[in-house]
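The next block holds one structure in the form of structure tokens; read it before the comments.
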Amino acid sequence: MSVLSAPPPGSGAVSPLSILMVASEATPYAKTGGLADVVGALPSALARLGHDVTLVMPRYRDVGNVGPVRQRLHLSLDGRRVDVGLVEVQVAEHHRVVFLDCDALYDRDGLYGHAGTDHPDNALRYGVLCRAACEYGAQLDSSPSIVHAHDWQAGLVPVLLRTQYATAPTWRGVPVVLTIHNLAYQGLFPADTMDTLDLPPSVFSIDGLEYWNQVNFLKGGINFADAVTTVSPTYARQILTADDGEGLDGVLRQRRHLLRGILNGIDTSVWDPQTDPFLPVPYAASDLRGKRDAKRVLLDRFGLPSDDDSVERPLIGMVSRMVDQKGLDLILEARNGLMGLPASFVVLGTGDRRYEEMWRALAAAHPERVGARIGFDEELAHLIEGGADLFLMPSRFEPCGLNQMYSMRYGTVPVVRATGGLVDTVRHVDAATGDGTGFLFEPYTASAMLTALRSALAAFLDRARWAAIQHEGMRQDFSWTVSAETYVQEYRNVIERRRIAGAARAYPPGE
Ligand code: ADP
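Residues 25 to 535 (my numbering) are what the sequence shown spells out, left to right.
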């Protein structure tokens, strides 16, 4: 088990970086949302650019048997010994995943919870993820160039690196970047978690990880990381405000000089209408007939009529966690208006019981026009992207959002709220020129959403105009290459900043 060694400090050489990532989910192994897509794709993109990436994540039940345990870490937490096996999977040259094997913590149904309830020991489960990642790094022969921690589940990595691991030789001078994929999830636990996880008491402070007398993993990460990124430039600005800062806007404002928004890419090999195995017929912008086939199959799959007249009717798709963040409260409020639109709906998702029930009830009341599938179904998600005409994302807030990018790539026109990454990826169709890639609405109101949908449906009736919008969307480059290069730039900035800070600390010698 080795990573490339970092270039000699101060050499200025543009040499490949060795990146140690820590995250709680990654495709194709375990996924609950966009985080998995990002952590699945970013390492591959970095490896393609010539860098070396090791991802550390838990071996959940979903991951299955990925190989034998070849090394064990013995962690000591509050007098308790936790043994963690390491299972290494070489994904590609310069790209590997190290799974943490610990059945007592990870071998169960659901990543973070089950049947609507969080696992009660999540502080321990993700405390161990962070501790094990630091310990794994400490035992490497050579230092990584940088550590990249994702979301609250990896939020203790910066804290541990600057405290308990500060003197470990491999960790000396290694900077850490934290990426916030969603500020609404912070990993908030009771104060006695400090003991359970053997955290140094000094960090239980207002400028550490203490938050109203609780332990906040994400706050700790923000305060101890050398740089903080989030997944779109607009969201990076929004989280500095009280409205969108989820109680951490003050902390983020203090660290704003270290905060940067880097737009996510999408995995264009997985999300490609020309090769997608979940579509009945592949298609490209030059010939969209396959999209019509996908629509027919999709209507069938939802038990909606699929005769020629029905295929002509505009079809609005949604694939989403059914929670307030994704605008489900707006949909609840607007449901009568939505049902009054000249369109059909296909919806896939899970989440809050009342929203699941709402969609079930709408499907029962409008069996010819509304199909709802409550569950998580990757294959159906692809078919909806391919077969729908419009894709609705009325998010209250949206750090980046991936589905709108998938939609555009599949010639499915997004109708989205103007927030976060949706603003940075969808260009509103200009009423005069017809130029644009989708329809945005600003106020978080049912009427604004319905107005945007009506404009989109009016455009749909004009074949030439609609085709132009579809083509413009399909032409966009959302591939990871640009984002991965931006991350590399950010890593190099952070490494350089830390090198200069280290040199300043070491001067005058002997102090
Ligand atoms: P978030 O991470 O906030 O849920 P994103 O748009 O960033 O939202 O990413 C969501 C990802 O999860 C997308 O790949 C989407 O297709 C997928 N997804 C969400 N719900 C489902 C579902 N019920 N079935 C299949 N895929 C889903």
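Quick reminder that beta carbons are idealized off the backbone N, C-alpha and C, glycines included.
Inset, instruction - Please confirm whether residue 96 and residue 109 have their CB atoms less than 7 Å apart. - result: yes
Inset, instruction - Could you pull the start and end residues of the alpha helix (DSSP H) that residue 403 belongs to? - result: 402 to 411
Inset, instruction - May I ask you to report which of helix, strand or coil DSSP gives residue 302? - result: Coil.
Legend entry - Own chain, CB closer than 7 Å to residue 115, minus 5 neighbours either side, in chain order: 121
Inset, instruction - Grab me the residues of residue 347's own chain with a C-beta within less than 7 Å of its C-beta, minus the 5 sequence neighbours each way, in chain order. - result: 375 and 376
Legend entry - Three-way DSSP call (helix, strand, coil) for residue 173 in this model: Per DSSP, reduced to three states, the secondary structure at residue 173 is strand.
Inset, instruction - Consider the C-beta atom of residue 381 and the heavy atoms of the ligand ADP; say whether any pair is separated by less than 6 Å. - result: no
Inset, instruction - Tell me whether residue 395 counts as near the ligand ADP, meaning its Cβ is closer than 6 Å to at least one heavy atom of that ligand. - result: no
Inset, instruction - Could you tell me which of 408, 477 and 188 sits nearest to residue 361, measuring between CA atoms? - result: 477
Legend entry - Chain-order list of residues whose beta-carbon lies under 8 Å from that of residue 266 (same chain, five-residue window excluded): 273
Inset, instruction - Locate the alpha helix (DSSP H) running through residue 484, then write down its first and last residues. - result: 470 to 485
Legend entry - Reduced DSSP category for residue 245 - H, G, I as helix; E, B as strand; rest coil: helix
Inset, instruction - Please indicate yes or no: does the CB of residue 405 lie closer than 6 Å to some heavy atom of the ligand ADP? - result: yes
Inset, instruction - Going by DSSP, name the residue or residues bridged to residue 43. - result: DSSP output for residue 43 lists 77 and 170 as bridge partner(s).
Inset, instruction - Determine the burial state of residue 42: buried for a count of at least 16 other Cβ atoms within 10 Å of its Cβ, exposed for fewer. - result: buried
Legend entry - Same chain only: Cβ atoms within 7 Å of residue 276, ignoring 5 sequence neighbours per side: 246, 263, 264, 269 and 283
Legend entry - Own chain residues within Cβ distance below 7 Å of residue 84, not counting five before or after: 54, 130 and 135
Legend entry - 7 Å Cβ shell around residue 32 - same chain, five flanking residues per side excluded: Legend: pLDDT at residue 32 = 46, less than 50; position of this residue unreliable, value from coordinates given subsequently. There are no such residues.
Inset, instruction - Kindly provide the ranges of any alpha helix (DSSP H) runs that are 4 or more residues long and lie completely inside the stretch 188 to 271, ordered along the chain. - result: 217 to 220, 241 to 248 and 257 to 262
Legend entry - Extent of the continuous beta strand (DSSP E) run through residue 417: 414 to 417
Inset, instruction - Please report how far the alpha carbon of residue 516 lies from the alpha carbon of residue 317, in whole angstroms. - result: 47 Å
Inset, instruction - Could you give the DSSP three-state label for residue 98: helix, strand or coil? - result: strand
Legend entry - residue 258 vs residue 447 beta-carbon contact at 7 Å: Yes, Cβ-Cβ distance for residue 258 and residue 447 is below 7 Å.
Legend entry - For residue 482, the nearest candidate out of 380, 59 and 413 (CA to CA): Taking only the C-alpha atoms, the option nearest residue 482 is 413.
Legend entry - the stretch 337 to 351 touching the stretch 376 to 391, judged by at least three CB pairs closer than 8 Å: With a cut-off of 8 Å, the stretch 376 to 391 and the stretch 337 to 351 count as touching, because enough Cβ pairs lie within range.
Legend entry - Cβ contact check for the stretch 385 to 397 and the stretch 503 to 517: 3 or more pairs under 8 Å: no
Legend entry - Simplified DSSP assignment, three categories, for residue 533: Because the pLDDT at residue 533 is just 44, under 50, the model does not fix this residue reliably, and the value given afterwards should be weighed accordingly. Reduced to three states, the DSSP call for residue 533 is coil.
Legend entry - 7 Å CB neighbourhood of residue 387 in its chain, flanking five on each side removed: 394, 395 and 396
Inset, instruction - Look up residue 389 in the DSSP assignment and say whether it is helix, strand or coil. - result: helix
Inset, instruction - Return yes when at least one heavy atom of the ligand ADP lies under 6 Å from the C-beta of residue 402, else no. - result: yes
Inset, instruction - Could you check if residue 422 is buried or exposed, using at least 16 other CB atoms within 10 Å of its CB as the buried criterion? - result: buried
Inset, instruction - Name the two residues that bound the continuous beta strand (DSSP E) containing residue 342. - result: 339 to 343
Inset, instruction - State yes or no: is the C-beta of residue 227 within less than 7 Å of the C-beta of residue 221? - result: no
Legend entry - Through-space distance from residue 358 to residue 67, alpha-carbon basis: Per the coordinates, the alpha-carbon of residue 67 lies some 41 Å from the alpha-carbon of residue 358.
Inset, instruction - Tell whether a beta-carbon distance below 7 Å holds between residue 171 and residue 200. - result: yes
Legend entry - Cβ contact (3+ pairs, closer than 8 Å) linking the stretch 43 to 63 and the stretch 176 to 195: Cβ pair count under 8 Å is three or more, so yes.
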